[in-house]
Structure formats: structure tokens, C-alpha cells
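To start, the structure itself, in C-alpha cells.
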Amino acid sequence: MEKCPVCNARYTGRAKCHRCKTNLDKLLKIECKAEEYLEKALSALKRNDYASMRYFAQKSCSLRVPKKGGKILFYSTVLSRECK
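This is how it looks when you write it as C-alpha cells:
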């Protein structure tokens, strides 16, 4: 997270926004879970398990769509179709 979604203040690494005091804890947990799914997708890629790669990339992107997650989802879709 780079900015508070409520007031757009720069994120300082704390669970509450320094400007508007919004609790960001749940959003941070969602971002963490999305990262975990991306790591699982990359692990599946290393095993050439493209179906699992796509599954975990979709799970990650359903929570948050960072550039890296979108790319992994795209490649996993292509690879899973080519390897059928």
C-alpha cells in the first residue's frame, strides 16, 4: 500500500493512517494474503504446474491486482492452455 485509500496520505507503515486515523489493518492483511498467493503461484511455476499457478494467481488478483499479479495471471493462463 502506497497511500491511504481514504485520505490519500502517504502510507507510513503503521496500522493507522497518520492523517485521518483510518484503521488499515484489514487492508494490510488482504495485501499480505495476496502476496502469499503470488508466492504459491510462482512456486507452482517452478514445478511446471500451470493449473495451480493459474489458480493461485487468480486468487491473488481477486484480492489485489498489482502489476506482477496481473502478469503472472496472464502467463499462467497462456501456459495452462498450451500444455493441455
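Residue numbers (the working numbering): 1008 to 1091. For every residue, glycine included, the Cβ atom is placed at its ideal position computed from N, Cα and C.
Out of the options, state which residue places its alpha-carbon closest to the alpha-carbon of residue i.
i, options, result
"residue 1055", "1083, 1064 and 1035", "1083"
"residue 1061", "1075, 1053 and 1087", "1087"
"residue 1045", "1008, 1014 and 1075", "1075"
"residue 1033", "1064, 1008, 1066 and 1068", "1008"
Within its chain, find whatever has a CB closer than 7 Å to the CB of residue i; leave out the 5 residues flanking it on each side and keep chain order.
i, result
"residue 1071", "1037, 1038 and 1041"
Can you name, in chain order, every residue of its own chain whose Cβ lies under 8 Å from the Cβ of residue i, other than the five neighbours on each side?
i, result
"residue 1059", "1047, 1048 and 1051"
"residue 1025", "1016 and 1019"
Just checking my contact of residue i with residue j at CB under 8 Å: how many whole Å lie between their CB atoms?
i, j, result
"residue 1023", "residue 1035", "Not quite, the Cβ-Cβ distance comes to about 11 Å (not below 8 Å), so this is no contact."
"residue 1017", "residue 1010", "6 Å"
Who are residue i's beta bridge partners in DSSP?
i, result
"residue 1023", "1030"
In chain order, what residues of the same chain have a beta carbon less than 6 Å from the beta carbon of residue i, not counting five sequence neighbours either side?
i, result
"residue 1013", "1027 and 1029"
"residue 1064", "1048, 1079, 1080 and 1083"
If we count the other Cβ atoms within 10 Å of its Cβ and call it buried at 16 or more, is residue i buried or exposed?
i, result
"residue 1081", "exposed"
"residue 1067", "buried"
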